[in-house]
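In the working numbering, the protein residues as written are 221 to 605.
Shown next, in structure tokens, is the structure this report addresses.
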């Protein structure tokens, strides 16, 4: 068993990115339904092994173009957005149909890069995706092409997939492509190009190996895949680039098909902790009682009932400091409430939240997944939890 097969088998949460060129036949412009059906079978096999799966699927514009008879690739931006609006519904229907054959429920999520980077949106998107995964659902993510412009012009689903992998602390990102991995030169131009089986670090030399997009429907190339690799590996997820053109591409991967594996040197949760702990500008803090201090030291979430005071001005999604009764910083985390709401909820149990702030929010001020203990050395902090 090779390293790549091990990575797939050991991963508990996998993000799979599918490009337009795989979903739509470049000659006829029609959806490759049989291929989608085969990938759904692969996904069912992975889920039967206890893995959580997220799909980041391109194809809405390509599908919409076919439906609207917009055959030319030189269409206006607003026509691309119209095509995306028409094609997105069909795209999700396809995934829902073929996954349902294996008793798997699909869910549609439309994101833009800001949704994974702006902290408040990041929290909402992360909570939604994690909840769906815990319910056994396969989220089908696409960028919100109907209202964005930059992503449509430049193509960003490779990087969006990497951002999603980082956001949910996935173990592995698989980019299904029209090529079986990275080569030291463009194999379509150089018959002596050498395949790169494993990459331990994405250096300038590795980046120089990237090419540009040339498929009629695809909007990304090896360059964007390597950029995705930087995002994913820095977030703690390993990445695989493999040939997705054949039916059951994931089974082929597990059976030893050639691909390129990009290693991450850190664990997903460690990467997330480093991001939280490394925040330079803290905009607020809460002081907690001894019971809450003990609870979070044991890996539990911080509940408002354990808060004794709130200071600063922060909104939901901001990183705030958590101090003990002696005013020593013991933790940092992403707040689920603003400073105004936290002040109202301090010392209260969750059952009373709706009557206090007007809505039934989350039970935790800071969820355990978004909380980092700071009363350790940096080295210990990066290897804990």
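Heads up, the beta-carbon is just placed ideally off N, CA and C, and yes, glycines get one too.
Can you tell which of the options has the C-alpha that lies nearest to the C-alpha of residue i?
i	options	result
residue 465	232, 308, 238	238
residue 467	504, 357, 260	260
residue 277	551, 360, 231	360
residue 325	357, 474, 363, 476	357
residue 258	305, 322, 279	322
residue 481	364, 491, 415, 424	415
residue 351	408, 245, 363, 327	327
residue 519	285, 412, 589	589
residue 265	228, 484, 511	228
residue 243	447, 499, 315, 515	315
residue 509	402, 545, 250, 286	545
residue 269	234, 299, 287	234
residue 346	318, 286, 386	386
residue 497	479, 553, 307, 245	553
Quick one: Cα of residue i to Cα of residue j, how far?
i	j	result
residue 417	residue 273	24 Å
residue 591	residue 388	15 Å
residue 517	residue 426	41 Å
residue 309	residue 280	8 Å
residue 543	residue 383	31 Å
residue 329	residue 492	22 Å
residue 379	residue 263	22 Å
residue 593	residue 339	19 Å
residue 231	residue 391	5 Å
residue 253	residue 578	47 Å
residue 240	residue 282	7 Å
residue 267	residue 354	12 Å
residue 581	residue 443	41 Å
residue 499	residue 422	25 Å
residue 513	residue 575	27 Å
residue 236	residue 548	43 Å
residue 255	residue 452	26 Å
residue 562	residue 488	29 Å
residue 550	residue 584	17 Å
residue 446	residue 336	19 Å
For residue i, write down the residues that DSSP places opposite it in a beta bridge.
i	result
residue 463	397
residue 481	418, 460
residue 363	331
residue 549	543
residue 593	551
residue 450	The partner list for residue 450 (beta bridge, DSSP) is empty, contrary to what the question assumes.
residue 272	233
residue 403	415
residue 244	251
residue 258	Per DSSP, none; premise fails for residue 258.
residue 358	326
Residue i: beta carbon under 7 Å from a heavy atom of the ligand NAP?
i	result
residue 275	Looking for the ligand NAP in the displayed structure turns up nothing, as the structure carries no ligands at all.
*asked:* Does the structure place the region 459-470 close enough to the region 390-397 that three or more beta carbon pairs sit under 8 Å?
replied: yes
*Evaluate the contact criterion for the region 515-530 versus the region 556-566: three or more CB pairs, one atom per stretch, below 8 Å.*
yes
*Quick one: which unbroken alpha helix (DSSP H) runs of 4-plus residues sit fully inside the region 291-353? Chain order, please.*
297-320, 333-337
_Measuring CB atoms only, is the region 472-487 touching the region 500-513, in the sense that at least three cross pairs come out at less than 8 Å?_
no
*Which full runs of the beta strand (DSSP E) of 3+ residues lie inside the region 483-536, going along the chain?*
504-508, 527-532
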